[in-house]
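Read through the structure below, which is laid out as C-alpha cells, and then see the notes.
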Amino acid sequence: MKILLIEDEFPAYKRLQKLLELQLPDAHISEQIESISGALKYLLNNPAPALIFMDIQLADGLSFSIFEQSEIQSPVIFTTAFDQYALKAFKVHSIDYLLKPIEEDALAEAINKYKKYYQTKNQLPAQALQQLVQQMQRPAYRERFLVKIGNSLSYLSINDIAYFYSDQSLVFAKKSNGKQHHVDTTLDQLEKELDPANFFRISRKIIVHLDAIRKIDPYFNGRLLLSLLPETDLQATVSRDRVNDFKAWLDR
C-alpha cells in the first residue's frame, strides 16, 4: 500500500515515517511533501494513495486549500498541533486526527480505524469533508482574558461574562455573578474577537451577551432600553442606528 505524507517539519516527518514502518512494514511511504503546491503536483501526477497523512499547517498555508483545488479520493488522517476542542468536527465527520507529538498508541488506533474504512470501501463522502473544511476555517473567537486581581494574575472565561462596558477610556467585563474586572483591550477590538452569535454591541459603550438581557422596552427617538442581569447603573440603550441589526440578531 502507498502512504502519502504531507508534512513540512522534517523531524515530524521522520518520526511519523518510523512509526508507520513499525506498524505497517509492507507499506510504501512517500518522500516528504512539505507544501500545498507540492501536494497538488503529486496528486495530479500519481495514482491516488491508499492513505494520506496531512499536516494542517504547511509551509505555504493551511492544507485545507488542497481540497479546494483537488478532488481527494483517499482516506485522510490529519496531524496537527491544534487543541482538541478545535477539532470536534473531525470526530463528528468520522475523520481521524493525531495531535503532535504523535504517540505510537494514537497512531495504532488511527490505523485501525483506517483499516475499517479501507476494508469496507466506506470512504468519507465529499460533502462531509467539505463541511469539515468550512468548520475549521471559521474564525477562532476569544475564549478568556488575562486579568489582575490584587498582586496576582488570573483569567476570566468568556462563558462567565454578561457584558462589557467602557468607562473613562477603560474597558470592564461584568461577570454574571456581579463581579467585574478591567480588561486590557478596547470595545472596537472586542467587537472583532467575540462570537457574534452570543455578543452584540448595542452602543458605543456597551457589548452585551444574549443571556444578560432580561427585558427590552421602547425608548426615545426610536431606541430600545435594555434591563440587564446583573443590574447596572449604566443606561443600556440600543443606538437608533443599531436597532434593526439588534432585532435581526435576536430573531436569527
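According to the working numbering, the sequence shown is numbered sequentially starting from 96. Note that the Cβ used here is the ideal one computed from N, Cα and C, for glycine as well. Given the structure is predicted, the values throughout are model-derived calculations rather than measurements.
### Query
For the candidate residues L193, I206, I131 and S132, whose alpha-carbon lies nearest to that of Q118?
I206
### Query
Who are the Cβ neighbours of G317 in its own chain at under 7 Å, not counting the five residues just before and after it?
R335 and V338
### Query
Taking the C-alpha atoms as reference points, what is the distance between L345 and A154?
42 Å
#### Entry: Backbone secondary structure at I98 - three-state DSSP
strand
#### Entry: Alpha-carbon spacing of A122 relative to Y236, whole angstroms
41 Å
#### Entry: Exposure of I244, with buried meaning 16 or more beta-carbon neighbours within 10 Å
exposed
### Spatial distance of F267 from L329 (CA atoms)
12 Å
### Query
Taking one C-beta from the region 143-150 and one from the region 96-104 each time, how about it: are there three or more such pairs within less than 8 Å?
yes
### Task
For L248, count neighbouring C-beta atoms within 10 Å of its own C-beta (all shown protein chains included) and say buried if the count is 16 or more, exposed if not.
exposed
### Query
From what residue to what residue does the beta strand (DSSP E) around S249 run?
S247 to S252
### Task
Run the CB neighbour count on S298, radius 10 Å, all protein chains shown included, and call it buried at 16 or more, exposed below.
buried
### Query
Between which two residues does the alpha helix (DSSP H) harbouring Q118 extend?
F105 to Q118
### Query
For T281, which residues from the same chain have a beta carbon less than 7 Å from its beta carbon, with the 5 sequence-adjacent residues on both sides left out?
V266
### Task
Output yes if chain E places a C-beta closer than 7 Å to the C-beta of A201; else output no.
The chain inventory of the structure shown lacks chain E, comprising one protein chain alone.
### Query
Does the region 193-210 come close enough to the region 156-166 to have 3 or more Cβ pairs within less than 8 Å?
no
### Task
Give me the Cα-Cα distance between I128 and K300, rounded to the nearest whole angstrom.
50 Å
### Task
Flag this pair as touching only if the region 300-313 and the region 250-261 have three or more C-beta atom pairs under 8 Å; answer yes or no.
yes
### Message
Taking the beta strand (DSSP E) that D312 belongs to, which residues open and close that run?
### Response
I308 to P313
### Query
Apart from the five residues on each side of it in sequence, which residues of its chain come closer than 7 Å, Cβ to Cβ, to L241?
L248 and Y250
### Task
Could you check the C-alpha separation between K113 and N140 for me, to the nearest Å?
26 Å
### Query
What span of residues does the alpha helix (DSSP H) with I374 cover, start to end?
Here the chain comprises residues numbered 96 to 347, so residue 374 is not present and cannot be evaluated.
### Task
Verify whether the separation of the beta carbon atoms of P170 and Y108 is less than 7 Å.
no
### Task
For the alpha helix (DSSP H) containing D283, list its first residue and its last residue.
L282 to E288
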